[in-house]
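2 protein chains.
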Amino acid sequence: MLGIMHRSALRNLMVGPTRMLTTTRMLTTTSRRPAMDFPCIDRLETRQRDLMAGPEPTYEKVVTGYEVFGHEEAFACDHGGVLPRLDIAYETWGRLNAERSNAILIHTGLSGSSHARSHARNTRAGWWEKFIGPGRAIDTDRFFVVCTNVLGGCYGSTGPWSVDPATGARYATTFPLLTVNDMVRAQFLLLDRLGIRTLHASVGASMGGMQSLCAAALHPERVGRLVTISACARSHPYSIALRFAQRQALMSDPNFKRGFYYDGVQPHVGMKLARAVATVTYRSGPEWEQRFGRRRRAPSQPPALCPDFLIETYLDHQSERFCLQYDANSLLYVSKAMDMFDISRSVTDRLAAQRARAGRAAPVCITAADQPAAAGEEDHSLPETPDEITRDLVAGVSAAMQPTLVLGVQSDILFPVKQQREIADILRRAGNDRVTYYELDAMYGHDTFLIDVVNVGAAIKGHLENTI
Amino acid sequence: MLGIMHRSALRNLMVGPTRMLTTTRMLTTTSRRPAMDFPCIDRLETRQRDLMAGPEPTYEKVVTGYEVFGHEEAFACDHGGVLPRLDIAYETWGRLNAERSNAILIHTGLSGSSHARSHARNTRAGWWEKFIGPGRAIDTDRFFVVCTNVLGGCYGSTGPWSVDPATGARYATTFPLLTVNDMVRAQFLLLDRLGIRTLHASVGASMGGMQSLCAAALHPERVGRLVTISACARSHPYSIALRFAQRQALMSDPNFKRGFYYDGVQPHVGMKLARAVATVTYRSGPEWEQRFGRRRRAPSQPPALCPDFLIETYLDHQSERFCLQYDANSLLYVSKAMDMFDISRSVTDRLAAQRARAGRAAPVCITAADQPAAAGEEDHSLPETPDEITRDLVAGVSAAMQPTLVLGVQSDILFPVKQQREIADILRRAGNDRVTYYELDAMYGHDTFLIDVVNVGAAIKGHLENTI
């Protein structure tokens, strides 16, 4: 192969305008010259072969032991699609009291499952294991705790991986676009089924903090207290950019096939890349400086283009673990829902109108791609000035008068503290005089809410249990 | 295809533990359900076809009108490779005075060419067009300005795209690993050829600021003044992580072929992705909030998974422009050199020892892959405590007593101001009492040095022209 390249390269050799090639020296010396090793690419190719030989993915095996609420009626989505029915996977901890007043709904981040804490039917540690339990931040001796897999996810709730009853095939990218509000409305259908009219609190971090804010603003009479951590009132273009890069990584994978990969090989390379980018945005510089510094995997070996510094092997390992554990289409749909999140009144009103039209017009599932552009019908202009934006946001949360805890982390790049300050600010401007705002100097960046049980845990516990 | 998927999906249908599938409803309703559109993937596929039909890339056509200095002797690289000869592309502006004392060497960032400013042989605007010229920050009425394409680049200097005289084939990933110090040493060979013993100043931003610091520390007698902007004394694990993600995007592209893609299709998809990630790290949140906010490309159309928000179309456009303009192997090698940059004395000493051994042992080019691990021979331990790290850095710059300007930008994520403070700090601790440190609150992030001619330009001019 090198021989072929050699001749071709010579044939095609472009000589720059003032370049003098010392052709006399060419080929007069020979040398050992092996190409660089690429063990990281070898591994991707091995996995590709394994996956081609192996069975279809079964994300349901990643998380087990959840309950499923089946809603057998049409569900009109904000952006015009209608799902003929839906499932919501959920888990619960603690006991609902006689008054049915002690429920706490926990909302997950992008790829979270309902498995927030271990229990008899799934003893693996949950993603918020240390935050939930007897005496813990969310005290299961006091509260009945519910956590769901979001609509659009792949851990038991209806999402792109689900089978469309209308066709018997998986939805893939015929699935309708979703919003955070769609996710919250599906959760409240579950609460209805569970006989929970009013939540003691709605609690979430990251996308979960978007959901909890959305729940508090849209169902103020059903949400007693609000906790929103490392979240925002509207997604910032910088966060959109970071998720855009992840989605592009995924969609550029030749295995993605516009979302119709369920019968073939999953876009595992794109998923791995997307997760590597995501992990960089989830953590922080100070943590990595302390944890990895400039240390290398094998200091006595020559440097390499494949993972070499410890920070690189860490990222490689993190993304390797994830790439077959979560459905690529779910990542697209749920991350897009995050991009579109904006609690502004004008946005909420427009979506409600769209939903109403879709619900009337289409009894079965249609996708956003079907939805005729409502040109001329609607005003798509956005508020332009900072003042207009703020007014629109204040109007969007004007009903959210619950005691509220807003938490921000100074090392968070994905949801910078400016965005949590904005949440506290708009709630206060709307007249909410029970807003607590804490800013942590924790060094785990966006992921602090998963790790810092001392500071984040105590803030939550204080807010949930304080008699006011 | 949908029909096939339909049957197969049914066959493989996994039913969750507590899931009740309402099979009675399946297939009882039909619906229009087109899949989502993916115009961004259509475009990638079109380009793939075009590239398969088209000629080899010629990066030399991207930049023209430069001079080439050919160094016809072996060049021993820090990490053990030896290049049998090398070319350095360069451009100059202004006139060298009779004393040969008015030269300024400008160092580029990662993908920069020697074309910092337009001139008769290339009238296109250069990458620092507004910073160089008569009366400008770098005044061509006073100074003789030199800018090179770095060793390892693809715009006329020797790099992976170059033809190896030993084989007649392009180096590809047989090219030896490079360091910032290798780049600087190649530049000083050019200065020797130009008869420039002493520079009035060494000036650079980003990787250029690593080079200028390196030049000032390693050739203190040849560098009169130092300007280092948005750079660092040692790469931080967070920056390494961000570049790791870009390299992975590139190497994961099936067209990459371990670097031997010159006879085939370039890894254009990976390059585009890498550039999208890079662009996010080059700019800042505040700028994008002001410039794009949450505005969408086509507000009256339904949301889409392909570029939709203006920030997404901007990133798409930026990365589209870049993906065929720069050689993927150069991106790997040069970004890896950035990762390895560390001005600490222990690192510099170790590399010098390696270089000396390689120069003795191997008269022709060998790559890092050839280099036997010097196990037991060397101490690869790193300083561990912050104090040890600082002492090692101070020792590394102990010769750099030039008047120095260090510039940092508060919105820079890739090279946060902490790193520029560190440069100023270690220089002062080393005894340099002419260190100026400015911190800008400019909102263009890392790219501020390319844009903010008012603030960055004036700081440079003041430093270069101030009689002290």
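For the record, the sequence lines run as chains F and G.
According to my numbering, the first sequence holds residues 1 to 468 in order.
According to my numbering, the second sequence holds residues 1001 to 1468 in order.
Glycine included, C-beta positions come from ideal geometry on N, C-alpha and C.
Model, not experiment: these values are computed from the prediction.
For V1453 of chain G, the secondary structure class from DSSP, reduced to helix, strand or coil, is coil. Between R1294 of chain G and the set F:G195, F:R234 and F:I311, the nearest pair of CA atoms involves F:R234. Contacts with chain G (Cβ-Cβ distance below 8 Å) from the segment 337-348 of chain F involve D339, M340 and D342, listed in chain order. Against chain F, the CB of H1236 of chain G has a partner CB under 8 Å away; the residue lies at that interface. H268 of chain F is not bridged by DSSP to any residue. DSSP places L1178 of chain G outside both helix and strand once states are collapsed to three, so it counts as coil.
For a cut-off of 8 Å, the C-beta gap from V203 of chain F to I468 of chain F is around 17 Å, too long to register as a contact. Against chain G, the CB of A395 of chain F has no partner CB under 8 Å away; the residue lies outside that interface. The beta carbon of M1052 of chain G sits no closer than 8 Å to any beta carbon of chain F. For H1079 of chain G, the neighbours in chain F by C-beta distance under 8 Å run, in chain order, P302 and P303.
Minimum Cα-Cα distance from A1442 of chain G among the listed residues G:P1254, G:P1303, G:D1316 and G:Q1290 corresponds to G:Q1290. DSSP lists no bridge partner for E1320 of chain G. When the five nearest sequence neighbours on each side are left out, the beta carbons in the same chain lying within less than 7 Å of the beta carbon of S1252 of chain G are those of G1270, in order along the chain. The C-beta of Q410 of chain F comes no closer than 8 Å to any C-beta of chain G. A direct Cα-Cα distance of roughly 10 Å separates D1392 of chain G from P1386 of chain G. Ranked by Cα distance from L1110 of chain G, the first of G:N1149, G:N1432 and G:E1073 is G:N1149. Residue environment for R1193 of chain G: exposed (fewer than 16 other C-beta atoms within 10 angstroms of its C-beta). Not a single C-beta of chain G is nearer than 8 Å to the C-beta of L405 of chain F. One thing to note: C323 of chain F has its Cβ no nearer than 8 Å to the Cβ of F38 of chain F. Residue environment: P34 of chain F is assigned as exposed (fewer than 16 neighbouring CB atoms within 10 Å of its CB, all protein chains considered). Contact check for G1224 of chain G against L1199 of chain G passes: the beta carbons are separated by less than 8 Å. Chain order gives the chain G residues near S252 of chain F as L1044, V1269 and L1273, where near means a beta carbon separation below 7 Å.
Around the beta-carbon of H1317 of chain G, fewer than 16 other beta-carbon atoms lie within 10 Å, marking it exposed.
With fewer than 16 neighbouring CB atoms inside 10 Å of its own CB, V454 of chain F falls in the exposed class. Note that the C-beta distance between L178 of chain F and Q402 of chain F is not below 8 Å. For chain F, the residues of the segment 1285-1317 of chain G that bring a beta carbon within less than 7 Å of one of its beta carbons are G1285, W1288, E1289, F1292, G1293, R1294, R1295, P1299, S1300, Q1301, P1302, P1303, L1305, F1309, I1311, E1312 and L1315, in chain order. Taking the C-beta atoms as reference points, S114 of chain F is found nearer than 8 Å to Y155 of chain F.
Residues of the segment 165-184 of chain F with a C-beta less than 8 Å from any C-beta of chain G: P165, A166, T167, G168, A169, R170, A172, T173, T174 and L177, listed in chain order. Listed along chain G are I1413, each with a C-beta nearer than 7 Å to that of I413 of chain F. Per DSSP, reduced to three states, the secondary structure at T1279 of chain G is helical.
Within 9 Å of the CB of C1232 of chain G, no CB atom of chain F is found; the nearest one sits about 11 Å away. Less than 8 Å divides the Cβ of I104 of chain F from the Cβ of V145 of chain F. When the Cα atoms are used, R85 of chain F and E312 of chain F turn out to be separated by approximately 43 Å.
Note that the C-beta distance between L440 of chain F and V409 of chain F is below 8 Å. Between the C-alpha atoms of G259 of chain F and T279 of chain F there is a straight-line separation of about 23 Å. Look at F1244 of chain G: its C-beta is under 8 Å from a C-beta on chain F.
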